[in-house]
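Written below as structure tokens is the structure these notes are about.
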Amino acid sequence: MKIAVLVKQVPGSESALPISGDHTWIEEGQVSFVMNPPDNFAIEEALLIKERTGEGEVVIVSMGPTRVQKVIREGLAKGADRGIHLEEDGKIETDPLSVAKSFSSVLKDENFDLVLTGLQSDDTGMGQTGVLIGEMLGMSTGTLAMETDVQDSAIRVKRELESGWFQWVKLPMPASISIQSGLNTPRYPSLRGIMGAKKKEIKVVPASEHQTEAKSQSIEKVFVPHTSKQTEVIEGDADSAVARIVEILKSEIKVL
Amino acid sequence: MDILVVLEDNRGSLHRMSKEAIAGAQKMGGSVSALAIGANADALAGELSGVDLTEVITVNHDLVSSYNADGYSEVVKQVIESESPKTILIGHSYQTRDFMPRVSAKLDIPFIPDIISLEDGFVKQVLNAKLNASVSTSADQVILSFQSATFSEEAMDTGSCLTRSIEVNLDSSIVRSEAEDPFQEDAGDVDLESAELIVSIGRGIEKEENISMAFDLAKVLGAEVSASRPVVDSGWVESFRQVGSSGQTVAPKLYFSLGISGAIQHVVGMKGSKNILAINKDPDAPIFEIADYAVVGDLLDIIPKLIEALQTEKDL
């Protein structure tokens, strides 16, 4: 069983997000980066599948500038076997088709049985890279997996639908699957894992070897959302808040 | 054809987000057609008989009688090839995320997902909804999905439309996945989607023993109780009460939010509420950005006093 986990390094939820001079993204210099939170669940699921089947290889794959090797190492420290870094120089690619073409060109010859991704990235939130790659490489695809069950040449996944509904789908391998957050408890790397990760291989693929020319969509500008809503702020002690809430319910929303 | 809206079958009837997508398509302008796939295609088309559309195209075939990503992506690809719409529109549902990227890859047409506005290009939220991005494309055709409640289904223009059934070419080798029947883990009898008043619980409730306080408030108001995902994941309330992208989508007259921070996954499920009253300790909680009334304070102090005051009010 050969499993690729695609991970992304994204600004942490507490990070400053200064808009760049050309207004098309953020100024990376002041940003603190972390592993994209949903990707932790994909790494954990890959390690669990390897442990359950008792054999195989887990490969952490990430695209971006040199800084992303940090999240690849994090995966290696948790127990993954090796890493692949698709180098990007300059601005990060935000066009999903271009991103997926880069990954597909590198993953093609590796013949993975499974490609796992988190459900979406916290930065651009396109939520489609894994499915695009699955289609490009002729794999079966599944999304929002809440449980996985590897059988001989297939994997059963419990997909989360909406409104509390679920569905089991059996996908022949190779398969590309996005993992829903919360399905497992991601492990922390052990001290031994951290030491061992330093010796594991990270193969670097230069930008010139995977990047495609044609871009189909791009971010023209980013901006701070302006809220059109008039919000009444109610502060002060509990008694005055209660008095105001009762008044609102009674004479403004009229539900009493 | 200018715009093709791909409809979603929600267990026999039209998904709410499909109607919102039609409203959005009509707002964009040009000729709008819709595509219904599967055993219920005619029923879905029937629901749109009084709506202003050029036509509803129906496709039924044994291999796509019920939803599967392999078959659906192939059908949508073939219809786009034969009808050549400039824009393909759909609601940003879980099903859309499951198959639409495959259409994008098959046809090399960009898919710009989760759009919240058309006022400044295609606007989507980025970086945990702290910033918005205006996305553009140079391609001749584009697939767009709208976030829930970007348009209102009530905004659909009325009129009439034709129904046209078309044939597709599907081979059984295309459908590789085997789907079992959908199921619910614990089906409750609470109908949040049509509730007029909802009291919703977030992590700010702090402890399981405080949950009863929210139920007491709901009782005196005559409201239903819902919750955000962390509260459901803690096992404090049943999963059928969950509001958000993985739970229910609600639009009550009053959404009374108790200690919910307002993560985007939650907000997409309730931002269509007519009135949002939120209590939170943190004055910077994102929920306050969409609230009509933002009560900054400790809900554990406020709620018991509020229940008492409402009870007095009722007894008058």
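Top to bottom, those sequences are chains U and B. Residue numbering for the first sequence is 459 to 714, as defined by our numbering. Residue numbering for the second sequence is -15 to 300, as defined by our numbering. Quick reminder that beta carbons are idealized off the backbone N, C-alpha and C, glycines included.
Just mark residue i as buried or exposed, buried being the case when its beta carbon has 16 or more other beta carbons within 10 Å.
i: U:A538; result: buried
i: B:T42; result: buried
i: B:M12; result: exposed
i: B:D276; result: buried
i: U:V691; result: exposed
i: U:G522; result: buried
i: U:M653; result: exposed
i: U:Q675; result: buried
i: U:K536; result: buried
i: B:G219; result: exposed
i: U:E693; result: exposed
i: U:E402; result: This structure cannot speak to residue 402 of chain U, because chain U is shown only from 459 to 714.
i: B:E151; result: exposed
i: B:R148; result: exposed
i: U:N494; result: buried
i: B:R0; result: buried
i: B:T121; result: buried
Can you tell me the Cα-Cα spacing of residue i and residue j, whole angstroms?
i: U:S636; j: B:M197; result: 38 Å
i: U:A619; j: U:Q625; result: The displayed chain sequence assigns Leu, not Ala, to residue 619 of chain U. Going by the C-alpha atoms only, they are around 7 Å apart.
i: U:V717; j: U:Q488; result: Since the first and last residues shown for chain U are 459 and 714, residue 717 of chain U lies out of range.
i: B:G246; j: B:D46; result: 43 Å
i: B:G105; j: B:V119; result: 6 Å
i: U:V662; j: U:L544; result: 6 Å
i: B:Q79; j: U:T599; result: 12 Å
i: B:F95; j: U:T552; result: 12 Å
i: U:G548; j: B:F83; result: 32 Å
i: U:V713; j: B:V215; result: 26 Å
i: B:A23; j: B:S49; result: 5 Å
i: B:A89; j: U:V615; result: 23 Å
i: U:T575; j: U:L629; result: 16 Å
i: U:D580; j: U:S621; result: 23 Å
i: U:V468; j: B:G143; result: 47 Å
i: U:K657; j: U:L505; result: 19 Å
i: B:V279; j: B:L261; result: 8 Å
i: B:K108; j: B:D170; result: 34 Å
i: U:S563; j: U:E546; result: 15 Å
i: B:V183; j: U:E472; result: 29 Å
i: B:R(-5); j: B:R160; result: 23 Å
i: U:P554; j: U:G651; result: 33 Å
i: B:L91; j: U:I660; result: 33 Å
i: U:G512; j: U:D571; result: 15 Å
Compare the C-alpha of residue i against each of the options and name the closest.
i: B:D4; options: B:D98, B:S157, B:F272; result: It should be pointed out that residue 4 of chain B corresponds to Glu in this sequence rather than to Asp. B:E4 has its Cα closest to that of B:D98, out of B:D98, B:S157, B:F272.
i: U:V638; options: U:S648, U:D497, U:G592; result: Inspection of the sequence shows that residue 638 of chain U is occupied by Gln rather than by Val. Ranking U:S648, U:D497, U:G592 by Cα distance to U:Q638 puts U:D497 first.
i: U:F499; options: U:R650, U:P476, U:A603, U:T670; result: U:A603
i: B:S167; options: B:Y239, B:F224, B:K265; result: A small fix is needed here, since residue 167 of chain B is Phe in this sequence, not Ser. The shortest Cα separation from B:F167 among B:Y239, B:F224, B:K265 belongs to B:F224.
i: B:H250; options: B:E192, B:S210, B:R160, B:T121; result: B:S210
i: U:A655; options: U:M597, U:R540, U:I711; result: U:R540
i: B:A235; options: B:T134, B:R(-5), B:E222; result: B:T134
i: U:L707; options: B:L294, B:V252, B:Y56; result: B:L294
i: B:A179; options: B:E222, B:G188, B:K237, B:S144; result: B:K237
i: U:T482; options: B:F199, B:N116, B:S33, B:V183; result: B:N116
i: B:G206; options: B:S212, B:K191, B:G188, B:Y239; result: B:Y239
i: B:K255; options: B:E39, B:I100, B:L111, B:L154; result: B:I100
i: B:V(-11); options: B:G188, B:S33, B:K114, B:I127; result: B:I127
i: B:K146; options: B:D(-14), B:E39, B:Y56; result: Correcting the residue identity first, residue 146 of chain B is Leu in this sequence and not Lys. With distances taken between Cα atoms, B:L146 lies closest to B:E39.
i: B:V174; options: B:N153, B:S57, B:E222; result: B:E222
i: U:V463; options: U:G470, U:I484, U:R531; result: U:R531
i: U:M584; options: B:E103, B:R81, B:N264; result: B:R81
i: U:T582; options: U:T685, U:D607, U:L595, U:I550; result: U:I550
i: B:A163; options: U:P644, U:T643, U:R617; result: U:R617
i: B:L290; options: B:A139, B:I263, B:E65; result: B:I263
List, in chain order, every chain U residue whose beta-carbon is nearer than 8 Å to that of residue i.
i: B:D82; result: V589, T599, G600, T601, L602, R617
i: B:P166; result: L619, W623, F624, Q625
i: B:P69; result: Within chain U, no residue comes near B:P69; the closest Cβ sits about 17 Å away, beyond 8 Å.
Name, please, each residue of chain B whose Cβ falls closer than 7 Å to the Cβ of residue i.
i: U:M594; result: A89
i: U:A500; result: Correct list: empty, because the minimum Cβ distance to chain B is about 15 Å.
i: U:S621; result: G231, Q232
i: U:G585; result: R81, P97
i: U:G640; result: D217
I want to verify the contact list: residues of chain U whose CB lies under 7 Å from the CB of residue i, in sequence order.
i: B:A293; result: V700, V704
In chain U, which residues lie less than 9 Å from residue i when you measure between Cβ atoms?
i: B:F199; result: Within chain U, no residue comes near B:F199; the closest Cβ sits about 17 Å away, beyond 9 Å.
Quick one: list the residues of chain B neighbouring residue i, beta-carbon separation under 8 Å, in chain order.
i: U:E690; result: D276, Y277, A278
i: U:S674; result: D92, I93, P94, T121, S122, A123
Strictly below 9 Å CB to CB, what residues from chain B border residue i?
i: U:V680; result: V110, L111, L115, N116, A117, S118
**Study point:** Secondary structure, alpha helix (DSSP H): runs of 4+ residues fully inside the segment 78 to 149 of chain B
**Key:** 78 to 91
Check your understanding: Taking only runs of the alpha helix (DSSP H) that begin and end inside the segment 503 to 585 of chain U, which ones reach a length of at least 4 residues, in chain order?
Key -> 527 to 536, 554 to 565
**Study point:** Whole beta strand (DSSP E) elements within the segment 590 to 666 of chain U, 3-residue minimum
**Key:** 598 to 608, 612 to 618, 623 to 630, 633 to 637, 660 to 663
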